[in-house]
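*Asks:* Please find one structure pasted underneath; my questions will follow.
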Amino acid sequence: MSHVTFIYPSVGRNPGTKYIRSWQMQPLSIALLSSLTPAGWDRTFYDDRLEPIDYSKPTDLVAISIETFTARRGYQIATEYRRLSIPVVIGGYHATFCPDEALEYADGVCIGEAEGIWAEILHDASKGRVRGKYHTQNRFELKNILPDRTIFHGKNYFKISLVETSRGCPNTCNFCSITAFHKGKYRSRPITDVISEINGVQANTFFFIDDNIAGDPARAEEFFTALMPLNITWVGQASISIAANEKLLELMAASGCAGLLIGFESLSAENLVTLGKHINKTNNYSKALRAIREKGIAIYGTFMLGLPHDSKQLLDKTISFSKKEKIFLAAFNHVVPFPGTPFYQSLADSGSLTIDKWWLSPDYRFGQSPFSPECFSASELENLCFKARRNFFSLPSIIRRATNFSSNCNTLQKTFLYWSINLLMLHEVRKKHGIPLGCPGEGEFWHV
Ligand code: SF4
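To convert, take the position in the sequence shown, counting from 1, and add 5; that gives our numbering.
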């Protein structure tokens, strides 16, 4: 019997500190990989965010899934396994965008979605010849997917079950890794497959991790209708265009939607043009929010700072807007130049990146801007983002937003969620700020 060890790396942390609780959700990608692993392979899974890695446990292959923020930690773990002469394969979004870089730390790199190539990688591993780049095309149909959640047993995750019903987004915003990865294509799973998966999970609160749950409105109508008899509560992500579709909003609410993450990005129309986010219309934000609120659906609004048409006045206006609209949660982050996106390339071409491969830098800290913004200095931008978060998650702001009885605190369950999540965020604003990527100090492999 061969043995594969799956690793989900953390972003990083300072030694002796606990990992950010709101970043501890089940990594569905690992459950998918496990489900694709044939009989004849034993599996071990270490979630670096929750538990120590036992490097001494024998294994024939280590598979590490990385995103840009977890790449450095993933490479550190890979380096340690390879020092022990254990072959490593690295996959995920970041490995797809930077395969040559990932190959410096691994024996093999999976480029694209693992479904198309995982069996071949395992076959090569069983022959002792995992080598080089493994390409897939992300074009297969999303049929018969059933994540193996047994891999999560015994791990203390944030109490929400993740399900994926579709991949990709039909929009093509130029800063977005999803667009870069899926090339603007949207694919969905058969609704019967999703319903049967939900029925098999012992939970009634779900996070549909789709990049855009309403990417195909006709399919979304059908899906929400099929969800209704299940009597579940769910949250998901959508673009703001959903607000103009009254029928879809109604079905969404009736199917148990408690909240939606929506990328507002900016209150400046010029900034939205820069980002290529043409579906957002700033003069429509309040109307859209009202329409969603009226259906009892809470909003997690995300805003980006550091764009060419920003100013301190615009930032103040953005914070006031999110408080006045009594948004359930909000994120204020500097725009992140993810490799593989046109946005990253334009910063690189104009010489605006101050740290080229910021995700590899031992000096980079979470919240730090790796480029020179046009309107502020990089450190001003970092401070402004931090202050915006502290302002939004201050106690007076939380109390004020709790008086949104239409969608934040419209049921006992939502009221409980509202207070627990907002107080958690209040606590975590400071904790998240300045987290290193990976473990501090080259060559150290500290454990939780
Ligand atoms: S709408 Fe959201 S998910 Fe879709 S491309 Fe734009 S940023 Fe990405």
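Note that beta-carbon positions come from the ideal geometry of N, C-alpha and C, so glycine has one too.
For K282, I'd like the list of residues in its chain whose CB is within less than 6 Å of its CB, leaving aside the five on either flank, ordered along the chain.
*Replies:* C178 and E270
*Asks:* Whole alpha helix (DSSP H) runs in the stretch 232-320 with 4 or more residues, listed along the chain?
*Replies:* Within the stretch 232-320, the complete alpha helix (DSSP H) runs of at least 4 residues are 251-259, 274-280 and 290-299.
*Asks:* If you draw a straight line from the C-alpha of S382 to the C-alpha of K317, how long is it?
*Replies:* 12 Å
*Asks:* Inspect the beta-carbon positions of T287 and G261 and report whether they are closer than 8 Å.
*Replies:* Contact annotation: T287 and G261 have beta-carbon atoms that are not nearer than 8 Å.
*Asks:* Can you give me the C-alpha to C-alpha distance between F163 and A393, rounded to a whole angstrom?
*Replies:* Note on geometry: alpha-carbon atoms of F163 and A393 lie some 25 Å from one another.
*Asks:* Unbroken alpha helix (DSSP H) runs of length 4 or more, entirely within the stretch 94-174: which are they?
*Replies:* 98-102, 104-108 and 123-131
*Asks:* Which runs of the alpha helix (DSSP H) spanning at least 4 residues fall entirely within the stretch 372-417, listed in chain order?
*Replies:* 383-397 and 400-407
*Asks:* Using the Cα positions of N149 and L127, report the straight-line distance between them to the nearest angstrom.
*Replies:* 20 Å
*Asks:* Three or more C-beta pairs under 8 Å: does that hold for the stretch 240-254 against the stretch 288-299?
*Replies:* These segments touch.
*Asks:* With a threshold of 16 other CB atoms inside 10 Å of the CB of N459, please say whether the residue is buried or exposed.
*Replies:* This structure cannot settle anything about residue 459, because the visible part of the chain is limited to 6 through 453.
*Asks:* Cα-Cα, which of I35, A36, S34 and A83 is closest to G443?
*Replies:* Measuring from the Cα of G443, the nearest candidate turns out to be A83.
*Asks:* Starting from T197, follow the alpha helix (DSSP H) in both directions and report where the run begins and ends.
*Replies:* For T197, the enclosing alpha helix (DSSP H) has its first and last residue at I196 to G205.
*Asks:* Could you pull out every residue in the same chain whose Cβ sits closer than 8 Å to the Cβ of R136, ignoring the five residues on either side in sequence?
*Replies:* D112, G113 and D129
*Asks:* For S193, verify whether its CB is less than 7 Å away from any heavy atom of ligand 3.
*Replies:* Because ligand 3 does not appear in the structure shown, any question about it cannot be addressed here, the ligands present being ligand 1.
*Asks:* Say the cut is 7 Å; is the CB of D215 nearer than that to a heavy atom of ligand 1?
*Replies:* no
*Asks:* Is the shortest distance between the beta-carbon of R192 and the beta-carbons of chain C less than 8 Å?
*Replies:* Of the protein chains in the structure, only one exists, and it is not chain C.
*Asks:* Can you tell me whether A68 is buried or exposed? The criterion is at least 16 other CB atoms within 10 Å of its CB, across all chains shown.
*Replies:* buried
*Asks:* S325: buried (16+ other C-beta within 10 angstroms of its C-beta) or exposed?
*Replies:* Under this definition S325 is an exposed residue.
*Asks:* Can you give the beta carbon distance from F145 to G121, rounded, assuming they're within the 8 Å contact cut?
*Replies:* Taking a contact as a CB-CB distance under 8 Å, the pair F145 and G121 counts as one, their CB atoms being some 6 Å apart.
*Asks:* Hey, quick one: how far does the alpha helix (DSSP H) through I218 stretch, first residue to last?
*Replies:* Unbroken run through I218: none, as it is neither H nor E.
*Asks:* Can at least three beta-carbon pairs, one atom from the stretch 186-194 and one from the stretch 214-229, be found at a separation below 8 Å?
*Replies:* yes
*Asks:* Using DSSP bridges, identify the partner residues of V9.
*Replies:* R48 and L66.
*Asks:* Could you give the first and the last residue of the continuous beta strand (DSSP E) run that contains A208?
*Replies:* Run containing A208: none; DSSP gives neither H nor E here.
*Asks:* Starting from L37, follow the alpha helix (DSSP H) in both directions and report where the run begins and ends.
*Replies:* Per DSSP, L37 belongs to the alpha helix (DSSP H) from L33 to L41.
*Asks:* With distances taken Cα to Cα, identify the nearest neighbour of E169 among P175, G159 and F212.
*Replies:* F212
*Asks:* Which partner residues does P441 have in the DSSP bridge list?
*Replies:* Paired residues: R370.
*Asks:* I need the straight-line Cα distance from Y369 to T22, nearest angstrom please.
*Replies:* 18 Å
*Asks:* Hey, is C444 close to ligand 1, as in C-beta under 7 Å from one of its heavy atoms?
*Replies:* no
*Asks:* Under the criterion of a Cβ to heavy atom distance below 7 Å, does G268 qualify as lining ligand 1?
*Replies:* yes
*Asks:* At what residues does the alpha helix (DSSP H) containing Y191 begin and finish?
*Replies:* From DSSP, Y191 is part of no alpha helix (DSSP H) but of the beta strand (DSSP E) over Y191 to S193.
*Asks:* How big is the Cα-Cα spacing for N413 and F397?
*Replies:* 15 Å
*Asks:* Ordered along the chain, which non-local residues of its own chain (more than five positions away) have a Cβ less than 7 Å from that of S374?
*Replies:* G311, H339, A383, L386 and E387
*Asks:* Skipping 5 residues on each side, what residues in its chain have a beta carbon closer than 7 Å to that of P14?
*Replies:* D53, I69, I71, T75, R78, G79 and I82
*Asks:* First and last residue of the alpha helix (DSSP H) that includes L352?
*Replies:* P347 to D354
*Asks:* Can you check whether the CB of F376 is closer than 8 Å to the CB of T73?
*Replies:* no
*Asks:* Measure how close the beta-carbons of P92 and L66 come, nearest whole angstrom, since I'm counting them as under 8 Å.
*Replies:* 6 Å
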